[in-house]
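Down below is the structure, laid out as structure tokens.
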Amino acid sequence: MSAPAREVRDVARAALAWASGRRADFALGEDALAADGQVDRSWKPLGELAQVCATVTRHTPPGDPLHARAADLLAFAWRQTGEGELFLRLQRLEPFATYPLEVYAALAAAGFRHPAYEAATATVARTRGWRLTEQEPTRRLGVLHAEERGGIHRDEPREPALRRTWLGGLPEPWTFERSAGYALTHVVFHLTDWGRAAGGVPGDLTDYLAHWLPPWIDTCLDARMWDLACELLAVAASVPGLPGDTVPDDAWARVAAAQDASGALPEEGDAGDPAAYFAHHYHSTLMAAFAAALTAGQGVPV
1 MSAPAREVRD VARAALAWAS GRRADFALGE DALAADGQVD RSWKPLGELA
51 QVCATVTRHT PPGDPLHARA ADLLAFAWRQ TGEGELFLRL QRLEPFATYP
101 LEVYAALAAA GFRHPAYEAA TATVARTRGW RLTEQEPTRR LGVLHAEERG
151 GIHRDEPREP ALRRTWLGGL PEPWTFERSA GYALTHVVFH LTDWGRAAGG
201 VPGDLTDYLA HWLPPWIDTC LDARMWDLAC ELLAVAASVP GLPGDTVPDD
251 AWARVAAAQD ASGALPEEGD AGDPAAYFAH HYHSTLMAAF AAALTAGQGV
301 PV
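Residue numbering for the sequence shown is 1 to 302, as defined by UniProt numbering.
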């Protein structure tokens, strides 16, 4: 196994081991259905866990320990939702909220389904109120993707929403900054079904990324913006046709060096405030596993 391949696999293994060891922090609390509940501290982490693990299982063979770890975490996430029952209860409490469908879509991608929830959501999705909810273009693209994954099929094309996003408009490359970076990565994730489907990125966007993704990745690594750097590495691994030198040779070594002994990766810089350890590590650690799995699935031998 080559050194880069070992680094990729080691990053994924350590990151998933950390997530497994911290699964209690991903668990839904008693406020999961509360009107004033903190969605970003409950449903969002669980949804991110499911999203990443669904992709890891897709890009690793069943006999691989990484596959087994990710499948175990997926089963945990599904149990946290009462095997889908909590989605149905959320839908009744907040019929026009999109986040339950977005979390459900991540689990549905791995084969976990709740027919009653899908039927209830499809009913609401037929209303003008649902279709006309104002959303940022990148979020709109994500909701359209979640609808498809959640069993809601409509004729609304993705192209108009895509072309209203930052990436879809092919902006001046020097306008790249943090929020634009996260917007562009999520556009690619929605178009590629979170790295599970090739060919979803139009040719003009692929050409644009071929030119500008390398310096953006290098810039984020230099700035120690580990979370965004890993999202960009995931983009590099999920868009077919990008040059072989899109990713800096030392990118994975730098990510691995930023992980602590437990496998956690800080969002930026070093560990930061111990009191907010989970909040400042869970997303970047999952993104490290996500990018590593996609990179391995792209052809790096593991």
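All C-beta atoms in this analysis are idealised placements derived from N, C-alpha and C, irrespective of residue type, glycine included. None of these values were measured; they are calculated from a predicted model.
Backbone secondary structure at residue i - three-state DSSP
i      : result
Glu48  : helix
Ser42  : coil
Leu162 : helix
Val255 : helix
Asp218 : helix
Phe96  : coil
Val187 : helix
Ser262 : coil
His59  : coil
Trp226 : helix
Pro202 : coil
Leu209 : helix
Glu156 : coil
Proximity test, residue i beta-carbon vs the ligand NAD heavy atom, cut-off 8 angstroms
i     : result
Leu93 : Of ligands this structure carries none, so the ligand NAD is not represented either.
Separation of residue j from residue i, as counted between CA atoms
i      : j      : result
Thr285 : Thr206 : 26 angstroms
Arg58  : Ala34  : 34 angstroms
Ala27  : Leu46  : 7 angstroms
Glu159 : Gly169 : 11 angstroms
His153 : Thr127 : 14 angstroms
Val11  : Ala292 : 7 angstroms
Val56  : Phe290 : 7 angstroms
Leu144 : Pro157 : 9 angstroms
Glu94  : Asp245 : 46 angstroms
Val52  : Gly129 : 31 angstroms
Ala258 : Phe189 : 24 angstroms
Asp204 : Leu232 : 18 angstroms
Ala5   : Gln135 : 40 angstroms
Ala256 : Asp222 : 14 angstroms
Val239 : Ser20  : 29 angstroms
Going along the chain, which unbroken runs of the alpha helix (DSSP H) with 4 or more residues stay wholly within the region 115 to 154? Restricted to the region 115 to 154, the alpha helix (DSSP H) segments that are unbroken, complete and at least 4 residues in length are 115 to 125, 128 to 131 and 137 to 149, listed in chain order.
Measuring CB atoms only, is the region 263 to 281 touching the region 165 to 185, in the sense that at least three cross pairs come out at less than 8 angstroms? no
Three Cβ pairs or more, each shorter than 8 angstroms: is that satisfied between the region 117 to 125 and the region 88 to 102? yes
Taking only runs that begin and end inside the region 274 to 301, name each unbroken alpha helix (DSSP H) of 4 or more residues, in chain order. 282 to 297
Within the chosen definition, does the region 59 to 73 reach the region 85 to 94 through at least 3 CB pairs nearer than 8 angstroms? no
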